[in-house]
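Residue numbers (UniProt numbering), protein chains in the order written: chain Z, 1 to 253; chain P, 1 to 253; chain A, 1 to 253; chain R, 1 to 253; chain W, 1 to 253; chain V, 1 to 253. This report concerns only the one structure given below.
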């Protein structure tokens, strides 16, 4: 078993991450074949819960795309279930303290490096019987830094040894800084915070993921040092394209 | 109860139809809010069967969009079930003879105009208790003309009184004429056949629907006389946009 | 394996049948515990297809209630699937000729009495390995008589040896006779037709089922000779009670 | 976006709430059309989890009925997911302290008034792109007061500024007071506690919801000052009506 | 796109087919990784319908196993849907005449070799955009010979040019010959019929599939000339192993 | 209502528990009929979440098998939901302290013995209206002892009065003790720990459950004093049997 993301990052290449909000293995299979390096099932603001996510993971496994999940909240139960289901990385929202970061990181590691419970039901089927021996090195844990509080605690959070890195949520970060939430922000206060997180995390030897809406902004973030960049989501792409199609037709009348 | 499509057609306006291949009420709700005049659940080449289609119909009912279905095959059971479920029109594939056209049309009409069985379980909930009195006038039946055989029988098929009109499937039509199947065809043989169907059906006082991939081609068809034009499908839009996004990112590296 | 309906009918007792339109095993379990002699999953005008019906059948099997299904149309595939899934009887809509009746009856019987294909996947699990030996005697097939055409062919239809009996659909029968479709009809033309079917079928040694909306009307039908009477449906009961509750509250303001 | 409940309460009118325990969009659509002011998906003692609830919410959105949810437990993850899914209010069980009330209230408000994470995936689709600007004023948070402990802390709980109000669970309240749990209780100890909560909350400028089984009892509660009254549940209505129907039939034999 | 079954058969190797009766992508993924050459979703006597089968197909596509389906009945709609969904072969039950065989074979071929409708929604995603060009040569159609009537018509059925071959259903064949249905039959009358079908089909240049319960019997059939042999089914394996485990425990008490 | 497990244990008989990882009511029905004393739905390392578990519970209720669940984590919400859904016992993973044990035990008992919230939606349907009166005595709570930390706290944990007993997870226990995780362990360090738990718990008057893979090992554990022994799981049985079948076929070539 190899997590291709880790490999790419080790070679200095930023990876492209797709975002799955649609709770359907049918659309997931189409997404998986589009060529993303990884796909993240968003179980916080997306529309799939565990059972639907399981079907999505099977769909992703029809390709070499790396499966990740953003869990709804810092909850050991769902973190471990998504790992057992075959995710090679977890993004955890709203990690605001070193204690939360440590709890999250621990849930992603088997003893003695953490407290993950043994029983990799789908992971062992997909990655082989020795999955458990390699999981601690291959599974990625990314804590979301998206509040002023988390910004304050950044150094401490980055000091959690078993935490792989951080993931930047620009909307909540903006809201927390008193700026209207939007994607691909240009407000100096927000851009500065994002830049600070990327630089600090990279300096601390941690990985950084960043949420964006366009390949251009993603490139900008990769150039700043982001290891993983997300662009858009399946549901947003569908929505935007459908609306543009209808609008184009109306314009022709 | 009013079928807004019929109203628009009576006023000489072509309507824009969206196409649903994804078996998910979550994506259907996004499609329904994009502004199409109607949405057709494709139960032939799309991915939803009855149970999934039911959820899609509920999603469409959150908006004034008119729900239609393309059934998998000429089968009275599924034609009637989709009408009971609230579809205001049915597109039936591969109608190649006047007998088939008559069987299909009859399945869409209550006695004495047809043989539809009474029991509009969801339709009566959504459209009111007197649904059954208006259904015969509001429900649209469109027979697909998509083979050389059907072209030969076109006049006879158009002579079926209770049939509302025809729907052109350009891919199968092309295949049947010995041309490679593709959308928005420009091959003279296929364009000629399409034009012939639109003109003949219109002259016979029947409605015509046409399957296209772009608003431009749809406009061309509407100008030829098509009453309803379909553009793309949810799954194709998602696929194309996802692939374009990945490609754009790769281009920036 | 015993079909308790057959037993009751043989002892001269009419049985009470519930009607399931809701595609949910959760509501089915509640229905099953309410004490009906049998429950029929309505796959024609109800909202469940095969997969949902399977869950409903499991729910019914938590009690001694006898499971039946009304199939969407005369189609051997679904008739046999519902029997394999454990239904002890099938109601088939719109049987209008002796040929249709014979096809339907044959689909419910193993060779040499019919053409049912062997493979009782759930039925053998639930009723035992020797299910197939008893199925031909325990499974009930009821052909719906609900058109003027079927009325004309009644004697011939009743002559089909392997057909267990008929089931009266008063709404379609009314429509077919030019009367507005409604439940528990009092129009002489419809009542007369119903009475004729019950008397003729009984005289021919066949079983008769009848669709009603109230216990009172059901009793009237049982007194006329109906062996099985259906009262209401789960969805109608929910709808009526919810509406009455809201209305009662509004009245108190 | 407007939460019609808030509007009604501001005008001094008590609202009628329906209760959804059945995990089905099919029954939800019937419930939604029955005329309740709001419908609450019960994810604690009802049978739907997130994925099923999503379908129910879509069904409710076919009407102007206001959607609410009772979450299984005080858990930020599910509170925020249900809001993102379009609920305009959350009922949280077993809130026994001011800390719990504050955590709950905070989860229902965006910064700076709370800690709700941004990403209103379905809410923005349904209520518009500016949903997030209005959500803090339109979303209702009701903490359940259902233990002796909570009664003791009532004043402190009511002092939580961002909490909209309380919801009374009479069964657990009774159990906690040493009385057998039942709906529409008449035991003085329980009635007294209920009255105390309604009066105290109203005096503190908070909203009060109350769980009942009959319109009459609901009226009594509204007269005491309850802003929102729940009557029955879909599953109970189905169960009661089915049992009554069978009993009526048995009585006619 | 290559159908590995065709390749193996051309090289003279019999292939091992697994049988899927469980409507779950979770179990299908486990089955797919067990090493079968192909897996057939049984939509006739198994428990999955179209929507569940779609998830099973995705699960199979995580491996090189070839996906097939047995359809519920000779119905063009479902034959074509399963091909569009990615099945590389269809087994059709109860083919008793040359007309039925021809209808079935035609449904599996695009014009001009047949009447399959164009729209390979999942097949083109999985196998590539030129799927349609290769489908006619790669898709396998196997007609079930399982009645005395079909035995009589065997030569004529084998004469249908576009039919790939036949599949032997020993249980129904036995029933039809007046023998108790069971798997791996030894009754001379049945063995003789099976041998006759294998020899005749092979001589006619057609492929032969055979349903068995044990590897030993399957080997016997392969030695007789069967190209594809099915052994057991997922549900039977689970049932047998569970029963054996319980029995073993009881024996230890 | 009677929990047959409690009855058996009181009579000194160890009970056999089956393990359900497959999220399907179809396979659950087969498991339920295999004769296990109880079946546990594994919601931690298995593949079902609440909604799927609900269908599994209905399937189990077609037999006298006692339904249990292992919840994903110590979370009052899911513990209570599974009890409301009809489970007669809960296994809770990773209970490492007396506080955690007390929280878990309390969630399984109604006041005054605990803090379980009232609303036994399915339990009351299945077990009767007086379920709540008997639940405190019939519902079993088993805390998993599977870490070195829990071993240290064993006496304190066993001192929690309302806790019914403990359940031993040998894989995590091994990992925690620095031994490779596997089933039916023979490493002295692990066997010693298991023996210690069984003896200590039994001496403290608590019940003990143990996870094994074979009837032989289960017997060994029962002889040591285990009240409930689990053998294998549905998914493992399917996987092992499928792999063995393919291997056997390959060996015959």
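The beta-carbon is built from N, C-alpha and C at its ideal position, and this holds for glycine as well.
Contact between residue 190 (chain W) and residue 174 (chain W) holds: their C-beta atoms lie close to 5 Å from each other, under 8 Å. Here residue 67 (chain V) really is in contact with residue 57 (chain V); their C-beta atoms are around 5 Å apart, less than 8 Å. The beta carbon of residue 59 (chain Z) is closer than 7 Å to those of 25, 28, 29 and 32 in its chain, skipping five residues each way along the sequence. The beta carbon of residue 55 (chain A) sits closer than 8 Å to some beta carbon of chain V.
Any Cβ of chain R closer than 8 Å to the Cβ of residue 27 (chain A) would place that residue at the interface, and such an atom is present. When Cβ-Cβ separations below 8 Å define contact, residue 232 (chain A) makes contact with chain R.
Contact between residue 145 (chain A) and residue 197 (chain A) holds, since their C-beta atoms are separated by about 5 Å, short of 8 Å. Put simply, the CB of residue 243 (chain W) is near chain V, with a gap under 8 Å to one of its CB atoms. Around the beta carbon of residue 18 (chain Z), 16 or more other beta carbons lie within 10 angstroms, which makes this residue buried.
Going by C-alpha positions, residue 188 (chain W) is about 26 Å away from residue 205 (chain W). Two segments are said to touch when three or more pairs of C-beta atoms, one from each, lie closer than 8 Å; by this definition the stretch 33-47 of chain P does not touch the stretch 97-106 of chain P.
Under the three-state reduction of DSSP, residue 63 (chain Z) is assigned to coil, being neither helix nor strand. Using beta-carbon distances, residue 69 (chain A) does not count as an interface residue toward chain R, since no partner is under 8 Å. Three or more beta-carbon pairs separated by less than 8 Å link the stretch 67-81 of chain R to the stretch 64-79 of chain V, which places the two stretches in contact. The Cβ of residue 46 (chain R) sits closer than 8 Å to at least one Cβ of chain V. For residue 77 (chain W), the enclosing alpha helix (DSSP H) stretches over residues 76-84. Taken through DSSP and simplified to helix, strand or coil, residue 210 (chain Z) comes out as strand. Here residue 118 (chain V) carries a coil assignment [DSSP, helix/strand/coil].
Straight through space, the alpha carbons of residue 182 (chain R) and residue 118 (chain Z) are spaced by roughly 43 Å.
Not flagged as an interface residue toward chain A: residue 66 (chain R), since no C-beta distance is shorter than 8 Å. Per the coordinates, the alpha-carbon of residue 162 (chain R) lies some 42 Å from the alpha-carbon of residue 136 (chain Z). For residue 141 (chain R), no Cβ of chain V is located within less than 8 Å of the residue's own Cβ. Non-local C-beta neighbours of residue 177 (chain A) in its own chain, meaning closer than 8 Å and more than five positions away in sequence, comprise 148, 189, 190 and 193, ordered along the chain. Within the same chain, Cβ atoms closer than 6 Å to the Cβ of residue 171 (chain R) are found at 181, the five residues on either side in sequence being excluded. Cβ-Cβ distances below 8 Å link residue 53 (chain A) to 23, 41, 43, 69, 82 and 85 in the same chain, with the five nearest sequence neighbours on each side left out; the list follows chain order.
In the structure shown, residue 154 (chain W) falls within a helical segment according to DSSP collapsed to helix, strand and coil. Secondary structure of residue 19 (chain P) (DSSP, three-state): strand.
Along the stretch 14-43 of chain A, going in chain order, the ones with a CB nearer than 9 Å to a CB of chain P are 21, 23, 42 and 43. In the DSSP assignment, the residues bridged to residue 144 (chain W) are W:167. Out of R:1, R:160, R:2 and R:245, the CA that lies nearest to the CA of residue 103 (chain R) is found in R:160. Cβ atoms of residue 213 (chain W) and residue 184 (chain W) come within 8 Å of each other, at about 5 Å. Taking each of Z:241, Z:228 and Z:235 in turn and checking the Cα distance to residue 12 (chain Z), the smallest one comes out for Z:228.
Remark: C-beta atoms of residue 88 (chain V) and residue 65 (chain V) do not approach each other more closely than 8 Å. For residue 171 (chain V), the C-beta contacts it makes with chain Z under 8 Å involve 118 and 119, in order along the chain.
Leaving aside the five residues that flank residue 62 (chain P) on each side, the residues in its chain whose CB is nearer than 7 Å to its CB run, in chain order, 29 and 32.
Annotation: residue 129 (chain R) has no Cβ neighbours in chain P at a cutoff of 8 Å; minimum Cβ distance is about 12 Å.
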